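Novice:
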Amino acid sequence: MFLLAFKKADAFSSLPSSDTNPDGPRDHVPIRILTYGPQAPVPKRAPDDLRRYIKRILDGQSATLSVTYDHIYGACFSAVCVADAGEDLYDKVKAELQMATDRLSREITGLGQPQDAEAAARWIEAFVAKCTWFEKQVSLLQSVLTHLDQVYVQRAQTLTIRELAFSAFASSIFGRRPHAETLQVAVSHLVNGERHAGVVADSKTCIPALIQHLYAHQQFSAFELRYRDMTRDFYETNSTDFHDKFKDAPQTFFEHVQTQLNAEMERSKQLLPVGSWAVVREAALKALLKQRMKWIAENTVGSYLDAKDFASLKAMNTLFSQADNAKVVCDAFGVHILKSVQAIVKNPAEDDKMVERLLALHALAESAIQTCFLEVAGYQTSSDLPSTSTVPAARPKQEFVYAFRDAFQHGFKSRRNKPAEMIARYLDKLLRKGQGAKTNAQYEQQIDQVLGLSRFTEDKDVFRGFYLRALAKRLLLEKSASNDFEITILNKLKKDYDPEFSAGGEMFTDLALSNDLITEHHRKLPLKGEGRKLKVMVLKQGAWPYSQQPQGIRLPTTMQEQLGKFEAFYKAKHQGRTLHWQSSVSTMTLTAHFSEQKELSVSLYQGVILLLFNESSTISFKEIAQATELEDGLLRLTLQSLACGKKRVLRKQPAGRDVNDNDVFHFNETFTDSLTRIHINSIQAKVSAEESKATQSAIDGERSASLDAAIVRIMKAKKEVMHGALVNAVIDAVKNHFTPDVPAIKLASTSDLFQLDTSYGGSRQSLYHPPPHSSQQYISPMSLGPPQGYDPRLAHPVYPGAPQIQPYSSQAVAELARRTRHSAQPPAPPAPPQAGPSTSGGGAAADDDVDADYEDKRRRNTQASARFRIKKKMRSLELERSVSDLTGRAEELEREAADLRRENGWLKEIVMLRGGGHLAGIDLSGGMGQHQRPQGRQREESESESEGEGGKGKGKGKARKSKPPSVNVGFKPSPPERGAFPLDHDGECKEQMKLYMSCLRSNANKSSPCRPLSKDYLDCRMNKGLMERDEWANLGFQQQRTDPPTDPDPPPKPPSSSPT
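Under the UniProt record's numbering, read the sequence shown as residues 1 to 1060, first letter to last.
Next comes the structure, spelled out in structure tokens:
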């Protein structure tokens, strides 16, 4: 490339103007040739002044700068945007930042190692100050070097000035182990010092500011982990020291845990961000409770429950749940409830208060579950709570509900029978008392709470027996507060507890019938007669839990007469029935004349004794005994209630609480009372050890019978069963009434009902199977004997003894059925009237009456079992009869089918014998006549088809008559008559035959001929399979295969048989 350079001047040049004289001499202008090519790059350097400015800013000497910040800003613009020296400037900034952070590191090292809380506070304050200064200088540098951040960094995709500065700070300060350890030690000294002192106010100025810088330098996560570990170490040491100091005071230790935890939470709220509160709290909680939760729960839950300290229980449930060990609280709760129930149940001295104490404990445990032991979702801060105004209610933990129920059930097992008995008696007391001032809802709730206790006992048969006995007494003595409520409770028990309570419904039925009966009896008496004062309740013996009592009493003559009249009225109305008077539950109402007239409500025994004082005001004990003929012990109790109780209508000499043989009784004319109507309670004899033993023996006898019956049913169903399976099946069969003991089941299973299979050695030692012919045995209620230890004088239900196995026989089954039908409607013994005497003239029950009543009671107790067995036997017999009937019916149907087939053949033969015209176009040479075939068919083919196929030719046409018949039946076929049945379609074949057969039956004497069947009908029958070859044979045809006869007219051969 060549360029020419000319010397030239103009107005804007500094050269002298050109020579204006064109004629003058001209100067020579040199010509230079310049060559251009690649040149060496010139480095782009930022001004050195900028580096000095940056260094002064990072040294903290920005105040001594000789230029303004605006000048530095412009110089950065020129270097980055004009001179394109951004890379050089960025490297200078990076180097200066590294030197600045190194200098800060040396300064921090010079601060030294803090040794206490005060030194730690000063060290943290100095560290925070240096972090604050550095961040301030970085912000200033970032402002004056804006174009470096906005232009070069964006283009080069590298770190910004702030990121570069914080990276250098992290590597020089936080990345050096001595500085990190010094910071950790300083924070530990400061926070632990506050924990020891119990204050949280001194650290407000340094720790929160430090955390802000840690967040800025992205170092808080590591700091949080160090803080959590430091907290855990501190509280582990604190927990150990405090436990050693208060190892005998778990409640004090738990209170210390709550105090320390609350203080730590307050400290966290002032020092740490919200997100760290739960982390620190969890670490402190687990450290404080480490390996001590079981010790705390076992020694504090019971005392908190007894003191009703629900706040502490709720706090314990919350803390232990957050520590992932709420099970120890549940176990301690269950153990305490179990021990409390056992302590109540196993205290015979306070049996009268047993149910009240159990109800109080039950209510306390339920309140604790509903209030304290709720589901815990974990620790929540205010930011975790929902924004809605209502928070869903927490639900109780099911583990505590199950532990509570199991504790009551196992507690009731510690004393058999008694809890069930006392629950029934307490319920009787409530139903006698009534609701009083309580509302219906409150009264029902109280009843439901008592009934809820009965669910925990396994002796449900005991509860049922005592309840029904108390119900009977309330109804007979009219002591129930409300009969409607009684019926409601009875229906609830029958529906929700035990269907056997349905027996109580018969009591109300008897009472209603008795009211109608006594009303009818009163109508037959004079209006002002003494008999209208008598009220008798006639009761069915099987529905009421009373047996015949031998405690009779001699009644006054007038009373005995009135009872005799009612008995005569009853026997006239119900023949064949016997009345047994129950004197022990009879009552009387007397009008007594003291200083004021009073109306006395007394028992029959008390009333009869008081009536003796109408004849004399002073009577001795021996005279009373002779006049009443009452049993000695019962007489003494009755006199004690009249002369030694709260209502003393008699005076005893000498005075005293006991009645002796030489005592004399006087009518107490000075007796006073504020009430006009007075009820004198009878003194109940205490249950002796002998009576308790007899009652328990009777219950054991009933249960033994139930076990035997269950085992018999199981063995009859399974034939062979292992011992373990037998035990499980028996328990499952009787679990709704009681829980049997395994030894009792084993004892029952070793009886003669079944045999132990020992034929295969030790591996089959527990295999049971029925003995030979065990299916031919039954349990007879007649063989039941009285339970061992039974005493008819004791006031308890009669329980049957164990059933005995007797050989099976038809006579025994018949007798058993008769007895069962008889016991299904037993004679209805009446409840004792209010002045009910005994049936014996002397007042004492005869032995035969006791035996008869006891026999009725045994039959009633075994009635259901005997009825079940008879029904089962009858059901088996019915099934056998049903099978036999079905077999006979099948045979009868087969015979009918054979008769129908014979009748069909007979009818067809009649048709053939009475006229060939009825069978139009029949070829008697061995089957149906062959229709004319198209030409080309041979005669032999037609004959072969006629013989082999039985005349299955189709179509219409005249029958072939060229060959004479080879079968002689005594008549010749005639041409078809007009009016024969045509064959319209295949479905009419059967209908034509039906009509024709009906015609033949109605015209057996052939007075009016029937329309003949066409040949097409028979073709249809053959083609559709409705007529077989055997049916043709039944028509009387005898097919012969012979050569054509030489004689064109052979003599006719008579038929082989005549079915007519």
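All C-beta atoms in this analysis are idealised placements derived from N, C-alpha and C, irrespective of residue type, glycine included.
All figures in this text were calculated on a predicted structure; none of them were measured in a lab.
Quick one: using the 10 Å Cβ neighbour count with 16 as the cut-off for buried, is L50 buried or exposed?
Specialist: For the purposes of this step, residue 50 is taken as residue 50 along the sequence shown, with counting starting at 1. Buried.
Novice: Looking at the secondary structure, which residues open and close the alpha helix (DSSP H) in which S139 lies?
Specialist: Counting from one through the sequence shown, the residue named residue 139 turns up at place 139. Unbroken alpha helix (DSSP H) run through S139: 117-144.
Novice: If you drop the 5 nearest sequence neighbours on each side, which residues of the same chain put their C-beta closer than 6 Å to that of S172?
Specialist: For the purposes of this step, residue 172 is taken as residue 172 along the sequence shown, with counting starting at 1. If we look at S172 and ignore the five residues flanking it on each side, its Cβ neighbours are T101, D102, S105.
Novice: For L600, which of helix, strand or coil comes out of DSSP?
Specialist: In the sequence shown, counting from the first residue as 1, residue 600 sits at position 600. Strand, per DSSP.
Novice: Are the Cβ atoms of Y152 and G86 separated by less than 9 Å?
Specialist: Here the question's residue 152 lines up with position 152 in the sequence shown. Here the question's residue 86 lines up with position 86 in the sequence shown. Taking 9 Å as the Cβ cut-off, Y152 and G86 qualify as a contacting pair.
Novice: Measuring CB to CB, does F404 end up less than 9 Å from F333?
Specialist: Counting from one through the sequence shown, the residue named residue 404 turns up at place 404. Counting from one through the sequence shown, the residue named residue 333 turns up at place 333. Their beta carbons are under 9 Å apart, which means F404 touches F333 by this criterion.
Novice: Assess contact between the region 660-667 and the region 611-626, defined as three or more Cβ pairs (one per stretch) separated by less than 8 Å. Is contact present?
Specialist: Flag = yes, the region 660-667 and the region 611-626 touch.
Novice: By how many angstroms is the C-alpha of E282 removed from the C-alpha of F408?
Specialist: As a working mapping, residue 408 is identified with position 408 in the sequence shown. As a working mapping, residue 282 is identified with position 282 in the sequence shown. Cα to Cα, F408 sits roughly 35 Å from E282.
Novice: Give me the residue from K573, V280, K598, L879 with the minimum Cα distance to L517.
Specialist: In the sequence shown, counting from the first residue as 1, residue 517 sits at position 517. Comparing Cα-Cα distances from L517 to each of K573, V280, K598, L879, the minimum goes to K573.
Novice: My understanding is that V727 touches L707, with C-beta atoms under 8 Å, so please give their C-beta distance in whole angstroms.
Specialist: The residue labelled residue 727 in the question sits at position 727 within the sequence shown. The residue labelled residue 707 in the question sits at position 707 within the sequence shown. V727 to L707, Cβ: 11 Å. No contact.
Novice: Excluding five sequence neighbours on each side, which residues of the same chain lie with their C-beta closer than 8 Å to the C-beta of L261?
Specialist: For the purposes of this step, residue 261 is identified with residue 261 of the sequence shown, where counting begins at 1. Once the five neighbours on either side are set aside, the close Cβ partners of L261 are R281, A284, L285, L288, L319.
Novice: For the region 508-515 and the region 532-548, state whether three or more C-beta atom pairs, one from each stretch, are separated by less than 8 Å.
Specialist: Judged by Cβ distances under 8 Å, the region 508-515 makes contact with the region 532-548, as three or more pairs qualify.
Novice: If I'm right that N417 touches D459 with Cβ under 8 Å, what's the distance once you round it to whole angstroms?
Specialist: Here residue 417 is taken as the residue at index 417 of the sequence shown, counted from 1. Here residue 459 is taken as the residue at index 459 of the sequence shown, counted from 1. 5 Å between Cβ atoms; contact.
Novice: Pick out whichever of V712, K871, G656, R648 has its Cα sitting closest to the Cα of N681.
Specialist: One-based indexing of the sequence shown puts residue 681 at position 681. Answer by Cα proximity: R648.
Novice: How is S763 classed by DSSP in three states: helix, strand or coil?
Specialist: Residue 763 sits at position 763 when you count from the first residue of the sequence shown. Annotation note: pLDDT 37 at S763 (below 50); position unreliable, no value reported.
Novice: Write down every uninterrupted run of the beta strand (DSSP E) in the region 544-628 whose length is 3 residues or greater and which is fully enclosed by it, in chain order.
Specialist: Entirely contained in the region 544-628, the beta strand (DSSP E) runs reaching 3 residues are, in chain order, 587-593, 597-603, 618-620.
Novice: Can you look up Q260 in the DSSP assignment and give me helix, strand or coil?
Specialist: Position 260 of the sequence shown, counting from 1, holds the residue named residue 260. Helix at Q260.
Novice: Does the beta-carbon of P526 have 16 or more other beta-carbons within 10 angstroms, so that it is buried, or is it exposed?
Specialist: Locating residue 526 in the sequence shown gives position 526, where the first residue counts as 1. Exposed is the call here.
Novice: Checking 9 Å against the spacing of the C-beta atoms, do A165 and V138 come in under that value?
Specialist: Indexing the sequence shown from 1 puts residue 165 at position 165. Indexing the sequence shown from 1 puts residue 138 at position 138. Their beta carbons are under 9 Å apart, which means A165 touches V138 by this criterion.
Novice: Assuming V664 is part of the alpha helix (DSSP H), what are its boundary residues?
Specialist: Residue 664 sits at position 664 when you count from the first residue of the sequence shown. Note, V664: premise wrong, no alpha helix (DSSP H); beta strand (DSSP E) at 664-667.
Novice: DSSP puts L650 in a beta bridge; with which residues?
Specialist: Here residue 650 is taken as the residue at index 650 of the sequence shown, counted from 1. According to DSSP, which records beta bridges pairwise, L650 is partnered with F667.
Novice: Between the region 203-219 and the region 236-245, do at least 3 Cβ pairs fall closer than 8 Å?
Specialist: With a cut-off of 8 Å, the region 236-245 and the region 203-219 do not count as touching, because too few Cβ pairs lie within range.
Novice: Classify T587 as buried or exposed, calling it buried when 16 or more other Cβ atoms lie within 10 Å of its own Cβ.
Specialist: Within the sequence shown, residue 587 is the residue found at index 587, counting from 1. Counting Cβ neighbours within 10 Å, T587 comes out buried, since at least 16 surround it.
Novice: Straight-line CA distance for V401 to K314?
Specialist: As a first step, residue 401 is located in the sequence shown; it is residue number 401 there, counting from the start. As a first step, residue 314 is located in the sequence shown; it is residue number 314 there, counting from the start. So the alpha carbons of these two residues sit roughly 15 Å apart.
Novice: Are the beta-carbon atoms of L453 and V345 separated by less than 9 Å?
Specialist: The sequence position of residue 453 within the sequence shown is 453, counting from 1. The sequence position of residue 345 within the sequence shown is 345, counting from 1. Result no, Cβ atoms of L453 and V345 do not sit closer than 9 Å.
Novice: Relative to the C-alpha of F253, which residue among L639, A263, N238, M265 is closest?
Specialist: In the sequence shown, counting from the first residue as 1, residue 253 sits at position 253. Looking at the Cα atoms, N238 is the closest of the given residues.
Novice: Which term fits S66, buried or exposed, when burial requires 16 or more other beta carbons within 10 angstroms of its beta carbon?
Specialist: Against the sequence shown, residue 66 aligns to sequence position 66. Classification of S66: exposed, given that the 10 Å Cβ count is below 16.
Novice: Can the beta-carbon of Q142 be found less than 9 Å from the beta-carbon of R162?
Specialist: Position 142 of the sequence shown holds residue 142. Position 162 of the sequence shown holds residue 162. Going by C-beta atoms, Q142 is nearer than 9 Å to R162.
Novice: Using DSSP's beta-bridge definition, name the partner residues of L468.
Specialist: Mapped onto the sequence shown, residue 468 falls at position 468. In DSSP, L468 forms no bridge with anything.
Novice: Apart from the five residues on each side of it in sequence, which residues of its chain come closer than 7 Å, Cβ to Cβ, to D352?
Specialist: Residue mapping note: residue 352 aligns to position 352 of the sequence shown, counting from 1. Closer than 7 Å at Cβ, skipping near neighbours: no residue.
Novice: Provide the residue span of the beta strand (DSSP E) that contains H679, from first to last.
Specialist: For the purposes of this step, residue 679 is taken as the residue at position 679 of the sequence shown. Residues 677-679.
Novice: Check the C-beta distance from K136 over to I108 and give it rounded, since I have them as a contact under 8 Å.
Specialist: Within the sequence shown, the letter at position 136 stands for residue 136. Within the sequence shown, the letter at position 108 stands for residue 108. About 17 Å; that fails the 8 Å criterion.
Novice: With a CB to CB cut of under 8 Å and the five nearest residues on each side skipped, what residues in its chain are close to A481?
Specialist: Start at 1 with the first residue of the sequence shown, and residue 481 comes out as number 481. L431, R432, K433, G434, Q435, listed in sequence order.
Novice: Can you tell which of V329, L364, N440 has the C-alpha that lies nearest to the C-alpha of W295?
Specialist: Here residue 295 is taken as the residue at index 295 of the sequence shown, counted from 1. It is V329 whose Cα lies nearest to the Cα of W295.
Novice: According to DSSP, simplified to helix, strand and coil, what is P396?
Specialist: Working through the sequence shown from its first residue, we reach residue 396 at position 396. P396 falls in the strand class under three-state DSSP.
Novice: Does the beta-carbon of T887 have 16 or more other beta-carbons within 10 angstroms, so that it is buried, or is it exposed?
Specialist: Walking along the sequence shown from the start, residue 887 turns up at place 887. That one is exposed.
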